[in-house]
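**Q** Residue numbers (my numbering): 2 to 291.
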């Protein structure tokens with residue numbers, strides 16, 4: 002069982018003479034979501050807080066106001082007065098940076114926050130392991146790293162464990178809000194977990210039929226609602242796990258989410274609970290399929 006605990010972020014690239022920080026992105030950011038965000042710089046001296054700034058619109062030409070601001074034209078203001086001041090605060094090239102966003106409830110069942118890709122999947126995995134009681138198999142729960150920058154932790158952990166079958170706990174984007182059509186994503190929040198059939202138009206993973214049968218039967222036998230995902234883009238640790246060693250049968254259970262890869266991802270607590278239930282029931286029946 003695998004879920005990645007890393008999140009998309011930034012990294013300090015350069016500190017100028019006045020203490021303003023230029024950065025590079027790590028992971029798949031949509032750059033328009035970066036501007037004017039609060040950020041945390043994780044230094045050896047502790048957390049340093051900053052905000053992302055750019056050229057003010059008051060001095061822009063009208064045509065430039067209509068163009069998105071590039072990440073390379075943004076900077077982080079930490080209140081430093083010089084490069085030396087920033088260095089005394091512990092900031093230097095290579096300092097990792099994450100979004101500074103609170104976790105909040107929305108309505109009756111939804112929550113919003115940063116890094117729910119894939120801390121949502123991590124929460125599902127923790128809850129599933131808590132509920133698993135009796136199973137005729139050895140279960141390894143792995144919280145992988147560097148998924149967002151190349152599926153790296155999934156590769157090394159799968160190689161070391163060499164399991165008979167693997168199951169990835171993830172989130173995926175829902176298509177139930179304005180700006181997206183059902184043909185691009187038919188998944189909805191509140192309708193249960195998504196079982197992946199394939200992702201990235203098959204470049205990621207095409208899930209084996211016996212794995213799909215295993216997951217579908219686990220859901221149907223226990224009255225757990227589920228959706229099927231055929232993705233045109235985006236990959237998970239499953240993409241590399243199933244290619245490890247001589248090949249590992251791998252499935253993916255994802256919780257539908259809105260606005261992933263932003264600091265305001267929205268997810269359903271009920272869907273998270275059902276994702277955990279599906280993993281539990283799948284694990285309890287794994288010996289009948291593998």
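Note that beta-carbon positions come from the ideal geometry of N, C-alpha and C, so glycine has one too.
(1) Could you check the C-alpha separation between residue 45 and residue 91 for me, to the nearest Å?
(2) Alpha carbons only, please: which of 132, 130 and 100 is nearest the one belonging to residue 117?
(3) Based on DSSP bridge pairs, tell me the residues matched to residue 48.
(4) On the DSSP letters alone, give me the boundaries of the beta strand (DSSP E) that residue 229 sits inside.
(5) Locate the beta strand (DSSP E) running through residue 171, then write down its first and last residues.
(6) In chain order, which continuous runs of the alpha helix (DSSP H) of length 4 or greater are located wholly inside the stretch 30-104?
(7) Enumerate in chain order the residues of its own chain whose CB-to-CB distance from residue 188 is below 7 Å, with the five nearest sequence positions on each side excluded.
(8) Using DSSP's beta-bridge definition, name the partner residues of residue 259.
(9) Note down, in chain order, each residue of its chain lying with its Cβ closer than 6 Å to the Cβ of residue 87, except the 5 sequence neighbours on either side.
(10) In its own chain, which residues sit with a C-beta less than 6 Å from the C-beta of residue 8, not counting the 5 before and 5 after it?
(11) Measuring only the C-alpha atoms, how far is residue 109 from residue 259?
(12) Contact between the stretch 58-67 and the stretch 22-40: three or more CB pairs below 8 Å?
(13) The beta strand (DSSP E) spanning residue 11 covers which residue range?
(14) Tell me the residue span of the beta strand (DSSP E) that contains residue 114.
(15) Would the stretch 123-143 and the stretch 201-214 be scored as touching if the rule is three or more Cβ pairs under 8 Å?
(16) What did DSSP end up calling residue 242 once you bin it into helix, strand or coil?
(17) Let's test the definition: count the other Cβ atoms within 10 Å of the Cβ of residue 278 and tell me whether it reaches 16, buried, or not, exposed.
(18) Please report the distance separating the alpha-carbon of residue 192 from that of residue 255.
(19) Can you give the Cα-Cα distance for residue 128 and residue 156, rounded to whole angstroms?
(20) How do the stretch 231-246 and the stretch 148-166 stand: do at least 3 beta-carbon pairs fall below 8 Å, yes or no?
**A** The relevant details are as follows:
(1) 6 Å
(2) 100
(3) 43
(4) 228-231
(5) 167-174
(6) 63-66 and 84-89
(7) 173, 175, 176, 195, 228, 230 and 257
(8) 267
(9) 16, 20 and 81
(10) 116
(11) 16 Å
(12) no
(13) 10-16
(14) 111-114
(15) no
(16) helix
(17) buried
(18) 12 Å
(19) 24 Å
(20) yes
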